[in-house]
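Novice: Next up is a structure, given as structure tokens.
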Amino acid sequence: MIKAIFLDMDETLCDTTKANLLAKDHLTQYVKDHFPSTDAAHEFSEKYLQGIYKNLSSELEAQLFPVLDEEAFRTELIHIFFKQCGAISEISDQHAHDIRKEYDAHRLQKFDFFSGCKKMLKDLREKFTLIVITNGPVYSQQPKVERIQLSKHVDHFIIGGLEPEEKPQKSIFNKALNLASVDAHEAIHVGDSVSADIIGANNSGIKSVWINPKQAKNELADFSIAVITQLPDVLKKLNSL
Ligand SMILES: [Mg+2]
Numbered sequence: 000m001i002k003a004i005f006l007d008m009d010e011t012l013c014d015t016t017k018a019n020l021l022a023k024d025h026l027t028q029y030v031k032d033h034f035p036s037t038d039a040a041h042e043f044s045e046k047y048l049q050g051i052y053k054n055l056s057s058e059l060e061a062q063l064f065p066v067l068d069e070e071a072f073r074t075e076l077i078h079i080f081f082k083q084c085g086a087i088s089e090i091s092d093q094h095a096h097d098i099r100k101e102y103d104a105h106r107l108q109k110f111d112f113f114s115g116c117k118k119m120l121k122d123l124r125e126k127f128t129l130i131v132i133t134n135g136p137v138y139s140q141q142p143k144v145e146r147i148q149l150s151k152h153v154d155h156f157i158i159g160g161l162e163p164e165e166k167p168q169k170s171i172f173n174k175a176l177n178l179a180s181v182d183a184h185e186a187i188h189v190g191d192s193v194s195a196d197i198i199g200a201n202n203s204g205i206k207s208v209w210i211n212p213k214q215a216k217n218e219l220a221d222f223s224i225a226v227i228t229q230l231p232d233v234l235k236k237l238n239s240l
């Protein structure tokens, strides 16, 4: 019998892509408005969004990794990408700081649960211990959990950036098992990332549920659903609901 449900946050409970894209468009407009001489605002925003997800050239990785201070890292990205987008001249530290804050504030404002998710969590919480396990730096994850008031909707949340290891490592799943006081066979983990969520759960002996909106072929997860609100169907199949 399932007693605890572990849940990823980004792209599982919350529509992170939507918030990112809206913030990126906002950033493009902000750069156009404040640096009207440029015609590379769009290119800059694209690069910045990739950059904050650490999708960087090996050259930039060598220059910037390991990232010890996320805020300084992002400010440096802004300087670098302004230079790379040739049409834009160099900017001051204050301007880089303002651009970073503008993107962060707008992204946070747009960050929210998927439709129907809060109601589902409320219902499930009557029967299960709910624990969110989210990877990522405290810099970006803490404001997000505060924005959606996550602690009101689940029993615990674990931010990978505060732990010795992130998903897919066993230690972070063990922490969740301990918090819920359950064994691995009494838990399921739900997430959209095969490498972090599904492989992580599988390696810890926890049943895995893949958020798979494109309905891609599923070879690794125990269950596959298109959206989080289909989770109760999985629990019914497991005779737990
Ligand atoms: Mg995710």
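First residue of the sequence shown: 0, per numbering that gives the first Met the number 0; consecutive thereafter.
In this text, a Cβ means the ideal position worked out from N, Cα and C, and glycines have one as well.
Let me make sure I understand the geometry here. Which of L149, Q108, G135 and D221 has the alpha-carbon closest to that of D68?
Specialist: G135
Novice: Please name the residue in S207, I1, L48 and H33 whose C-alpha comes closest to that of R106.
Specialist: R106 has its Cα closest to that of L48, out of S207, I1, L48 and H33.
Novice: Give me the Cα-Cα distance between K121 and L149, rounded to the nearest whole angstrom.
Specialist: 12 Å
Novice: Do S207 and A183 have their C-beta atoms within less than 8 Å of each other?
Specialist: no
Novice: Return yes when at least one heavy atom of ligand 3 lies under 7 Å from the C-beta of G159, else no.
Specialist: The model on display carries ligand 1 but not ligand 3.
Novice: Can you grab the Cα-Cα spacing for the pair N238 / A61, in whole Å?
Specialist: 50 Å
Novice: Compute the beta-carbon to beta-carbon distance between D166 and D196, rounded to the nearest angstrom, for a pair I have assumed lies under 8 Å.
Specialist: Note that residue 166 is Lys in the sequence shown, not Asp. The C-beta distance from K166 to D196 rounds to 6 Å, short enough to fall under 8 Å.
Novice: Under the three-state reduction of DSSP, which class applies to F72: helix, strand or coil?
Specialist: helix
Novice: For S194 and V226, I'd like the C-alpha separation in whole angstroms.
Specialist: 19 Å
Novice: Are the CB atoms of T128 and K2 within a distance shorter than 8 Å?
Specialist: yes
Novice: What are the start and end residues of each continuous alpha helix (DSSP H) run of 4 or more residues lying completely inside the segment 119-159, in chain order?
Specialist: 137-146
Novice: Please determine whether the Cβ atom of D111 lies at a distance below 7 Å from any heavy atom of ligand 1.
Specialist: no
Novice: What does F5 pair with, by DSSP beta-bridge criteria?
Specialist: I130 and H188
Novice: To the nearest angstrom, report how far apart D154 and A71 are at their CA atoms.
Specialist: 33 Å
Novice: In its own chain, which residues sit with a C-beta less than 8 Å from the C-beta of H25, not counting the 5 before and 5 after it?
Specialist: E101, Y102 and H105, listed in sequence order.
Novice: Ordered along the chain, which non-local residues of its own chain (more than five positions away) have a Cβ less than 7 Å from that of D14?
Specialist: D111 and F113
Novice: Could you tell me the alpha carbon to alpha carbon distance between N177 and I205, rounded to whole angstroms?
Specialist: Roughly 13 Å separates the two Cα atoms.
Novice: Shortest alpha-carbon distance to N173 belongs to which of S192, A200 and Q93?
Specialist: A200
Novice: Is the beta carbon of F5 less than 8 Å from the beta carbon of I130?
Specialist: yes
Novice: Whose CB is closer than 6 Å to a heavy atom of ligand 1? List the residues in chain order.
Specialist: D7, D9, E10, T11, G190, D191 and S192
Novice: Would DSSP call F112 helix, strand or coil?
Specialist: strand
Novice: Classify D32 as buried or exposed, calling it buried when 16 or more other Cβ atoms lie within 10 Å of its own Cβ.
Specialist: exposed
Novice: Just verifying my parser: in three-state terms, what is the DSSP assignment at I51?
Specialist: helix
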